[in-house]
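Visitor:
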Ligand SMILES: [Zn+2]
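Residue numbers (our numbering): 482 to 760.
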């Protein structure tokens, strides 16, 4: 736990400098304030998400995966679980990691899309969309239930296919830094490579409140999934301007955000309409 905290602190420190530079020299919205509403709560999420939510995700994956391991007659020895199994086990770890990222992003595309279409899931995902100023700090504002559901679904097929959990862990700091980049107040759209890799402009459009961007750009890394499934949206001479949840307000209070889905749970019909029209 202590090492995890120190690792998070170091990553946070490095990213503060890197994104301070990027957001200064290549801003998407030039006058977007750095000391903005919700800053404190987002800094809190930068520690809460890796230290609490990620642990919950691992526990959830273990609870579902272990009985399946037993049914498949696999050893529950920790070293054999970490080594992976089957034909996949023979692939070098770094290559396993790359396969996992491509496969994981495909599953991630669909779980993200489902988070936007099923009302009860949207209640939790809405917390991520509640930030009205999107910058690199917004990236990990995620309700734990949202993360356990999405990452759990992403992780399960990968673990069950025999990939080593270490392969996933290898790329975690890189991936969380990349997720921060696509939220950052940076104007890059990657020009001709815009279909290959998710850019800040691509993902910031996903957070745009304007109707034309609703239900677009679900992929976390590879926009090709959005191209294939008809949800790609990236105007080249325009930057998204307004962010948040259409027709709703959420306070910038951590406890309120944790309770938001449960407080709104009792109005499924009214909320259904809101969710259907609010991305
Ligand atoms: Zn979303």
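Virtual Cβ for every residue (Gly too), placed ideally from N, Cα, C.
All values reported here derive from a predicted model rather than from experimental measurement.
Could you check if residue 549 is buried or exposed, using at least 16 other CB atoms within 10 Å of its CB as the buried criterion?
Guide: Exposed.
Visitor: With residue 601 as the anchor, note down where its alpha helix (DSSP H) starts and where it stops.
Guide: Taken as a continuous stretch (DSSP letters only), the alpha helix (DSSP H) holding residue 601 covers 600-610.
Visitor: When every heavy atom of ligand 1 is checked, does at least one fall within less than 7 Å of the C-beta of residue 627?
Guide: No; taking the cut-off as 7 Å, the Cβ of residue 627 has no heavy atom of ligand 1 nearer than that.
Visitor: Please report the straight-line C-alpha distance between residue 618 and residue 657, rounded to a whole angstrom.
Guide: So the two alpha carbons sit approximately 11 Å from each other.
Visitor: Assuming residue 590 and residue 700 form a contact by the criterion Cβ under 8 Å, report the distance between their Cβ atoms to the nearest whole angstrom.
Guide: Residue 590 to residue 700, Cβ: 5 Å. Contact.
Visitor: With distances taken Cα to Cα, identify the nearest neighbour of residue 712 among 726, 693, 483, 564.
Guide: Cα-wise, what sits closest to residue 712 is 693.
Visitor: Between the segment 662-677 and the segment 584-599, do three or more beta carbon pairs fall short of 8 Å?
Guide: With the cut-off at 8 Å, the segment 662-677 and the segment 584-599 do not touch.
Visitor: By Cβ distance below 8 Å, which residues in the same chain neighbour residue 522 in space, the five residues on each side in sequence not counted?
Guide: The residues are 622, 733, 734, 735, 738.
Visitor: Report the residue from 662, 553, 678 whose alpha carbon sits nearest the alpha carbon of residue 495.
Guide: The candidate whose alpha carbon is nearest that of residue 495 is 662.
Visitor: Quick one: what's residue 724 bridged to in DSSP?
Guide: Answer is 689, bridged to residue 724.
Visitor: Please report the straight-line C-alpha distance between residue 610 and residue 729, rounded to a whole angstrom.
Guide: Approximately 11 Å between the Cα atoms of the pair.
Visitor: Which same chain residues, not among the five before or five after residue 602, have their C-beta less than 8 Å away from its C-beta?
Guide: Excluding residues within five positions, the ones whose Cβ falls inside 8 Å are 595, 596, 627, 630.
Visitor: Could you give the distance in angstroms between the alpha-carbon of residue 527 and the alpha-carbon of residue 555?
Guide: Rounded to whole angstroms, residue 527 to residue 555 spans 36 Å at the Cα level.
Visitor: Where residue 634 and residue 614 are concerned, what is the direct C-alpha to C-alpha distance, given to the nearest angstrom?
Guide: Spanning the two alpha carbons is a distance of roughly 29 Å.
Visitor: What does the Cβ neighbour count give for residue 577, buried or exposed, with the cut at 16 atoms within 10 Å?
Guide: It is buried - the Cβ of residue 577 has at least 16 other Cβ atoms within 10 Å.
Visitor: Check whether the Cβ atoms of residue 742 and residue 686 lie closer than 8 Å to each other.
Guide: For residue 742 and residue 686, no; Cβs fall outside 8 Å.
Visitor: Quick check: residue 546 and residue 651, are their CB atoms within less than 8 Å of each other?
Guide: It is not a contact, given that the beta carbons lie outside the stated cut-off.
Visitor: Looking only at its own chain, which residues have a Cβ that is under 7 Å from the Cβ of residue 503, when we skip the five neighbours before and after it?
Guide: If we look at residue 503 and ignore the five residues flanking it on each side, its Cβ neighbours are 665, 667.
Visitor: Candidates 509, 499, 498: which alpha carbon is nearest residue 717's?
Guide: Residue 509 is the option with its Cα nearest to residue 717.
Visitor: I'd like to know whether the C-beta atoms of residue 582 and residue 702 end up nearer to each other than 8 Å.
Guide: Cβ distance < 8 Å, so residue 582 and residue 702 count as in contact.
Visitor: Looking at the structure shown, is residue 558 part of a helix, part of a strand, or coil, going by DSSP?
Guide: Three-state result, residue 558: coil.
Visitor: Using CA atoms only, rank isn't needed, just tell me which of 531, 532, 715, 690 is closest to residue 607.
Guide: Nearest of 531, 532, 715, 690 to residue 607, Cα basis: 690.
Visitor: With respect to the alpha helix (DSSP H) encompassing residue 523, which residues constitute its N-terminal and C-terminal limits?
Guide: 520-529 is the extent of the alpha helix (DSSP H) around residue 523.
Visitor: Can you tell which of 671, 654, 649 has its C-alpha closest to the C-alpha of residue 491?
Guide: Taking only the C-alpha atoms, the option nearest residue 491 is 654.
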